[in-house]
Amino acid sequence: MNVIVYLGAGLMLLFGVYAVMEHSILRAAIGLALSSASLSVLLYVLGAHLAALFELSVCSGLVTVIFIAGISLSHSPKMEIQKEYRDKERNRLLPLVLIGVGLLLVILALTLNLQTPELAQLTQDDDVRDVLWGNRQADIWGQIALILCGGVAVAVLFREERREKK
Amino acid sequence: MNLVIVLLIIGLLMIVAGCWCLMRTFHLLKMTIGIEVAMKAVTLFLVLAGRISGKIALSETFVITVMVAEVIVAVVGTGTAVGLFRKYGSMDVRNLKQLKG
Numbered sequence: 001m002n003v004i005v006y007l008g009a010g011l012m013l014l015f016g017v018y019a020v021m022e023h024s025i026l027r028a029a030i031g032l033a034l035s036s037a038s039l040s041v042l043l044y045v046l047g048a049h050l051a052a053l054f055e056l057s058v059c060s061g062l063v064t065v066i067f068i069a070g071i072s073l074s075h076s077p078k079m080e081i082q083k084e085y086r087d088k089e090r091n092r093l094l095p096l097v098l099i100g101v102g103l104l105l106v107i108l109a110l111t112l113n114l115q116t117p118e119l120a121q122l123t124q125d126d127d128v129r130d131v132l133w134g135n136r137q138a139d140i141w142g143q144i145a146l147i148l149c150g151g152v153a154v155a156v157l158f159r160e161e162r163r164e165k166k
Numbered sequence: 167m168n169l170v171i172v173l174l175i176i177g178l179l180m181i182v183a184g185c186w187c188l189m190r191t192f193h194l195l196k197m198t199i200g201i202e203v204a205m206k207a208v209t210l211f212l213v214l215a216g217r218i219s220g221k222i223a224l225s226e227t228f229v230i231t232v233m234v235a236e237v238i239v240a241v242v243g244t245g246t247a248v249g250l251f252r253k254y255g256s257m258d259v260r261n262l263k264q265l266k267g
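And the structure:
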C-alpha cells in the first residue's frame, strides 16, 4: 500500500509542478488532469473511495473540459503567449524553490522529532451518504448556493457578450 | 519520517507551487490552474485528517464540498478569462485595472 501512496503523491507533485511551469496552457491543463488522476489513486488507497471517484470524474474530467473550452474560445498563438507573459523566465526558479522548501521541511521534521499520528485502521461504521444527508445538510445548502453563484456568473458573462454584439 | 509527514510535505510543496503560480504569472487561466493545484493539496489534507481520526466518511463529505467549490472557481475563472480576452484580446490580469464601473 505504501508504495502506491508514495508513487501517487510523487506523481501528483510532479504533474502539479509541470502544470504550473508549462507555458502552453493546453499542456498545463493536461498536467492538472494527470495530477488529479494521481490524487484520485491516492485517495482510493487511503480509503476515501467516493472522494476518489468524484476527484477522477469531476476534477480530472470536468475541470479539464472547462479549461480546454476556455482555451478554444481564445485564439491567441502560443508564441505570443510566451512573448507576452514570459512564463518560462518567470518560473525558472520554481524547481529550486521547491527543492529548497522541501529540504527545509525534511530537516525540520527530522530535527524537531515531531510526534505525528499514524493512520487509523479503516472501519466501515459510517456511510458517506448518511453523513452527508444526515449530519452535514448545511454543506448541501452551501453547495447549492455555490452552484447557483457559478450559474449566475456564467449567465452574466454571456449577457455581456450579447450586448457587445448589438 | 512516517507516511503522514511525507504526505504533509508533498501537500505543502503543492501549495507553494500553486502560490508561486499566482504570484509569478499574469495569465488568468494559468492563475486558475495555480489555484487548482493548491486545492489538490487541500483535498489530500482533508482525507489525511479523516484517515488519522478514523472519520473517513466525514472527511469525504468535506472533500465533496471542496470539489464543488473547485469547479465553481474553475468555471468563474475561465469565464472571466474568456470575457477579458474578448474585450482586450489577451488574458492578462493587468487589463482588469482598465475596467470601469
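Order-wise, the sequence lines are chains A and B.
Here the working numbering is used: position 58 in the first sequence is 58, and no number is missing along the way.
Each number in the working numbering corresponds to the 1-based position in the second sequence with 166 added.
Ideal Cβ placement from N, Cα and C applies to all residues, glycine included.
Values in this document were obtained by computation on a predicted structure and should not be read as measured data.
* Asked: Comparing the C-beta of residue 180 of chain B with each C-beta of chain A, is any distance below 8 Å?
  -> For residue 180 of chain B, the nearest CB of chain A lies under 8 Å from its own CB, placing it at the interface with that chain.
(message) Taking DSSP's pairing of strands, which residues face residue 258 of chain B in a bridge?
(response) By DSSP's assignment, residue 258 of chain B forms a beta bridge with B:193.
**Prompt:** If we count the other Cβ atoms within 10 Å of its Cβ and call it buried at 16 or more, is residue 262 of chain B buried or exposed?
**Reply:** Looking at its Cβ environment, which holds fewer than 16 other Cβ atoms inside 10 Å, residue 262 of chain B is exposed.
- Item | Assigned exposure category for residue 187 of chain B - 16 Cβ within 10 Å defines buried | The residue in question, residue 187 of chain B, is buried, as its Cβ has 16 or more Cβ neighbours within 10 Å.
Secondary structure of residue 92 of chain A, DSSP reduced to three states: Residue 92 of chain A falls in the coil class under three-state DSSP.
| field | Proximal residues, the region 61-74 of chain A versus chain B, C-beta separation under 8 Å | value | For the region 61-74 of chain A, the residues whose beta carbon sits under 8 Å from a beta carbon of chain B are, in order, 62, 63, 66, 67, 69, 70, 71, 73, 74.
task = Flag residue 153 of chain A as yes if its beta-carbon sits less than 8 Å from any beta-carbon of chain B, otherwise no.
result = Yes, contact with chain B.
query = Would you say residue 236 of chain B and residue 59 of chain A are within 8 Å of each other, going by their C-beta atoms?
reply = Yes, these two residues count as a Cβ contact at 8 Å.
Whole-angstrom Cβ separation of residue 215 of chain B and residue 131 of chain A, contact assumed at under 8 Å? About 15 Å; that fails the 8 Å criterion.
**Study point:** Pairwise C-alpha distance: residue 147 of chain A and residue 14 of chain A
**Key:** Rounded to whole angstroms, the separation of the alpha carbons of residue 147 of chain A and residue 14 of chain A is 31 Å.
task: Using alpha carbons as the reference points, say which of B:247, B:234, B:250, B:183 lies closest to residue 142 of chain A.
output: Looking at the Cα atoms, B:234 is the closest of the given residues.
Alpha carbon of residue 189 of chain B to alpha carbon of residue 94 of chain A, nearest angstrom | The straight-line gap from Cα to Cα measures roughly 11 Å.
Quiz prompt | Residues from the region 124-139 of chain A in contact with chain B, defined by Cβ distance under 7 Å | solution = Result list: 126, 127, 128, 131, 132, 136, 139.
Could you check whether residue 242 of chain B and residue 48 of chain A sit closer than 8 Å to each other, using their CB atoms as the reference points? No.
message = Quick check for students: name the residue ranges of the alpha helix (DSSP H) that lie wholly in the region 170-248 of chain B, counting only runs of 4 or more.
response = Scanning the region 170-248 of chain B for uninterrupted alpha helix (DSSP H) segments of 4 residues or longer gives 194-219, listed from N- to C-terminal end.
Exercise. Keeping to the same chain, check which residues put their C-beta closer than 7 Å to that of residue 240 of chain B; ignore five residues upstream and five downstream.
Key: Here the set comprises 198, 202.
For residue 47 of chain A, which three-state DSSP category applies? In this structure, residue 47 of chain A counts as coil in the three-state DSSP scheme.
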